[in-house]
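See below for the structure under consideration.
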Amino acid sequence: MLFYTCSRQDTLRANIKDRLAALDTLTLTQPEQSLLDLDSLLIDDNLTTLERAMLLFKKGEALYLNDKYHEAYNVHLKAYALFSELKDKYNESRSLITLSGAALHMGDIETSQVYALKALHLAQLIGDKRVEGKAYNQLFSLHFKLKDYDKALTYIKATDSLYSKTTDTTSIIAIKSNVASVYLQLKQYNKALTSYSEAMSLSQSNRNPKTLVSVLNNIGYTYIEAGEYNMAETFLRGAIQLNKNIKVINAAPYKGLGSMFLLSKKIDSAEVNYIKALKIYATNNNAKEEIEVRDKLIAIAIMSGDYVKALDNQIVRDSLQLDVSRLEKNRLLDFANVNYEVKQKETEINHQKEINTRNQWLLISTVLLA
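Under our numbering, the first residue of the sequence shown carries the number 1008, and numbering increases by one thereafter.
Spelled out as structure tokens, the structure:
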């Protein structure tokens, strides 16, 4: 019975495997629906340990894609504990990468780094280059956020070397864009443009218009930083036209044009494009971007001598800032609660391990005595 129970823990039945495969696409296209489907599967008490772990992993990924980082963090902790119990190092490392990403989004740099380094160690231990690349990419994100660009460049180049031999074009495009973003921060504009050009060529060959729009937009911003406004306008307008072709509404190119015209002192054109960007950000409830654009519009209104318009924008901007600050405060409180729950869970696990150890010795003693 003991051997049967142990072997059953790490099995994945065909019907669960099929449901997990179907959820792969659904998680990307309809994350909310995938969460409902996952919850309906998780209520089954007859799930094996591996099945429950895999379903929790999928749920954590869906929550992460839906920007619910606190919930994703909690769910992945449960999945990680089950994978550790099964000694499934591959899935352990994958959970650790998502835990690192969620912690980074929640502002806990130290915890994010611990998880990313642990994932890197496990990936190297089992020789999985893809997971190793993801761990390096997570460390890149962490150091980029810390503005440690030299270290970030080291990690993203390590990712690039691992993925360049694969056929995963989508990931390679993202990596090339990340390399370019570091060069942009280091003000090495030619190197940034070279990496973006590689990403653009791959996007065109891969026929991925949404990715191509992002790359065109990034190239436009790079030319703005380099002070080459004519080239910047060409690429930003190219991004706008491609958005229209694929019927996608994107504020970033309009914001870029607003910045470009403001820097070249074409105030009227700057205002027109900032207002277009503002409408999109407001519709999408993107408060942080809306605040940034309203700051520019306040400056333009003051430059134009329209103080009433400046005051109107300032009132809305201050209201948005209060909402953002309130949300940030709640986020910090939630994160404190998450940390408390994690520590409490760790204490419970350690206590349970002590009980299990005592029970094992008791069993051995009883058998020997018998």
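C-beta atoms are modelled at their ideal positions from N, C-alpha and C, and glycine is treated no differently.
Residue 1368 versus residue 1374: straight-line alpha-carbon distance, rounded: 10 Å
Span of the alpha helix (DSSP H), counted from its first residue to its last, around residue 1166: 1156-1170
Nearest-angstrom Cα separation, counted from residue 1052 out to residue 1295: 43 Å
Test item: CB-CB of residue 1109 and residue 1071 under 8 Å: yes
DSSP three-state assignment for residue 1272, whether helix, strand or coil: coil
Within 8 Å, strictly: CB atoms of residue 1149 and residue 1165: no
Cα-Cα separation between residue 1253 and residue 1091, rounded to whole angstroms: 44 Å
Coil, strand or helix - residue 1125 by DSSP: helix
For residue 1207, the first and last residue of its enclosing alpha helix (DSSP H): 1196-1213
Short Cβ contact (8 Å threshold) for residue 1100 with residue 1129: yes
Between the CA atoms of residue 1138 and residue 1050 - distance to the nearest angstrom: 30 Å
N-terminal and C-terminal residue of the alpha helix (DSSP H) that residue 1186 is part of: 1176-1192
Residue 1258 - DSSP class collapsed to helix/strand/coil: coil
Rounded Cβ spacing between residue 1232 and residue 1191 (contact assumed at less than 8 Å): 6 Å
Distance, residue 1312 Cα to residue 1111 Cα: 42 Å
The alpha helix (DSSP H) enclosing residue 1238, as first and last residue numbers: 1236-1252
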